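Before any comments, here is the structure.
In the UniProt record's numbering, the protein residues as written are 1 to 224.
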């Protein structure tokens, strides 16, 4: 007769294999198809009574927007395989608990996992980042990020953000507008790209310079 410990191990193994198959299927599907929603968007939609979002194709996003986000969030995006070890070491040296997550890690969190700080989520994020980097192209990772990132209270994706703040499609964003949107990403619910405060203005100037730099030195080559 199979004891309860053996039965528990059997079910744990089945659950583990089921989770692997589930996430493998999602990674393959979202490598080519739009991401319809995620846990955080569903939570915010329920809390707010609705959200603004509109998935757009890569060619419908101004190239300067992509460069601005990379310059702001992950300047070495084209140089790593999901983890920026230099940024991680710098964060540890400075005693920061955050600030080293790459765009790839943020996409994994936004699309497949939940928000909040926990070792379980960070471990799952690390495990899922590797297959995403292997299966998706860098352009695809950035494309998904631009469509699911939060740009304000109930505002998800660069198209919704461009329409909400500037009344234009994402394809027509100027360099300054793109930099301002990228500047609010760390704290989108309190920062304003239309009437920017000192922090957003200073960060916008840095991003404008950074976007030009990565275009000139080749660090935008993996997605342009």
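Where is the CB? At the ideal position from N, CA and C, for every residue including glycine.
From a predicted model like this one, the values you see are computed outputs, not experimental measurements.
Worksheet item: Whose C-beta lies closer than 6 angstroms to the C-beta of residue 143 among residues of the same chain, with five residues either side of it excluded?
Response: The residues are 58.
Discussion item. Using only the alpha-carbon positions, how far apart do residue 53 and residue 13 sit?
Written reply: Near 38 angstroms, if we compare the C-alpha coordinates of residue 13 and residue 53.
Worksheet item: Which first and last residues belong to the beta strand (DSSP E) in which residue 210 is found?
Response: From DSSP, residue 210 is part of no beta strand (DSSP E) but of the alpha helix (DSSP H) over 198-217.
Fill in: Start-to-end residues for the beta strand (DSSP E) that takes in residue 150
150-152
Worksheet item: How many angstroms separate the CA atom of residue 215 from the CA atom of residue 11?
Response: 51 angstroms
Worksheet item: By Cβ distance below 6 angstroms, which residues in the same chain neighbour residue 160 in space, the five residues on each side in sequence not counted?
Response: 52, 53 and 54
Practice prompt. Tell me residue 156's beta-bridge partners as DSSP assigns them.
Written response: Answer is 53 and 150, bridged to residue 156.
Fill in: Nearest-angstrom Cα separation, counted from residue 176 out to residue 208
7 angstroms
Worksheet item: Applying the criterion that 16 or more other CB atoms from any shown protein chain within 10 Å of the CB defines a buried residue, is residue 117 buried or exposed?
Response: exposed
Item to complete: Quick one: using the 10 Å Cβ neighbour count with 16 as the cut-off for buried, is residue 141 buried or exposed?
Response: buried
Worksheet item: In chain order, what residues of the same chain have a beta carbon less than 6 angstroms from the beta carbon of residue 97, not counting five sequence neighbours either side?
Response: Its pLDDT being 49, under 50, residue 97 is placed unreliably in this model, and the value from its coordinates should be taken loosely. The answer is none, since no qualifying residue turns up.
Item to complete: Using three-state DSSP, classify residue 10 as helix, strand or coil.
Response: helix
Discussion item. Please report the straight-line C-alpha distance between residue 24 and residue 108, rounded to a whole angstrom.
Written reply: The straight-line gap from Cα to Cα measures roughly 12 angstroms.
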